[in-house]
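Student:
What follows is the structure, encoded as structure tokens:
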């Protein structure tokens, strides 16, 4: 792809945990650089029944082996993003609403969570190039999240001799939602662990930022620290983006094009048939001249 490194999303037609090869066979013809692999905690009634674990619990090694696939002959150019627990409301086995608690503030919990990721990666065959995490509740401070990102990078170096890119995804109803919160998170990271500034950052979801900022979205978009921006999630409330959307895509992609590094883009769509169109939309936006945002000078 000439404009970006694309991440093939976790579409519903695939086994929802599964292995790598099925994903790669769908992604490679579209020129995608990465595939997305989910690493949720136990997330639904089916997984509760298969694993014997409660919803929202960290997978044991035995559960990893039940839910994922081990495959031989992985191609050398296969790269993936491990998308970890999003902490969104779900229904438990009794129909009650439940939401996993991301406890970045809890060192013991973080250690067990990190072991789960290593178990998944070792079982499916290779470590990830990118790991995405989510902020969780306001009980997690910026310092807690930064410490967790540092811990995950170190754990992967110790286990596999690699340092994955660890990205925080903003979410409208979690503790890092607004541009100001993203600024504060990035300031904290540079103060506490400046050595990982090249290995950590933000996977910006413009739809969630707009949901948090409302009419202030253009200004909020400009406030997100450019050095923190390592990837983008492109969707319009989980449906493919179009030129008819109320989302000001020209302004979003002006920011994407302004960054010095080649952007990483995940089209957040859930149907296999819509992925190519979403990528084409992004390519078209990337090919356009950069727009001048309000308050900027050409």
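In the numbering used here, the protein residues as written are 8 to 305. Glycine included, each C-beta is placed from N, C-alpha and C at the ideal position. As the structure is a computational prediction, the values presented were derived from the model and not from experiment.
Excluding five sequence neighbours on each side, which residues of the same chain lie with their C-beta closer than 7 angstroms to the C-beta of residue 145?
Tutor: 182
Student: Taking only the alpha-carbon atoms, compute the straight-line gap between residue 203 and residue 56 and give it to the nearest angstrom.
Tutor: 40 angstroms
Student: Whose C-alpha, out of 94, 212, 51 and 147, is nearest the C-alpha of residue 243?
Tutor: 212
Student: Nearest to residue 246 by CA position, among 255, 293, 44 and 274, is which residue?
Tutor: Nearest to residue 246 by alpha-carbon distance, out of 255, 293, 44 and 274, is 274.
Student: Mind checking which residues open and close the beta strand (DSSP E) that includes residue 45?
Tutor: 41–46
Student: Does the distance from the C-beta atom of residue 116 to that of residue 152 stay below 7 angstroms?
Tutor: no
Student: Taking only the alpha-carbon atoms, compute the straight-line gap between residue 11 and residue 289 and give it to the nearest angstrom.
Tutor: 9 angstroms
Student: Mind checking which residues open and close the alpha helix (DSSP H) that includes residue 197?
Tutor: Boundaries of the alpha helix (DSSP H) around residue 197: 186–199.
Student: What separation, rounded to the nearest whole angstrom, lies between the Cα atoms of residue 177 and residue 264?
Tutor: Their Cα atoms are separated by approximately 20 angstroms.
Student: Leaving out the 5 sequence neighbours to the left and right, which residues in its chain are closer than 7 angstroms to residue 75 when beta-carbon positions are compared?
Tutor: 24, 25, 26, 127, 130 and 131
Student: To the nearest whole angstrom, what separates the beta carbons of residue 124 and residue 148, a pair I think is in contact under 8 angstroms?
Tutor: About 22 angstroms separates the beta carbons of residue 124 and residue 148, which is beyond the 8 angstroms limit, so they are not a contact pair.
Student: Spell out whether any CB of chain D is found under 7 angstroms from the CB atom of residue 154.
Tutor: Any reference to chain D falls outside this structure, which holds one protein chain only.
Student: Should residue 80 be listed as close to the ligand PLP, given that the test is whether its C-beta is under 6 angstroms from any heavy atom?
Tutor: This structure lacks the ligand PLP; in fact it carries no ligand of any kind.
Student: So which of 95, 85 and 22 has the shortest CA-CA distance to residue 48?
Tutor: 95
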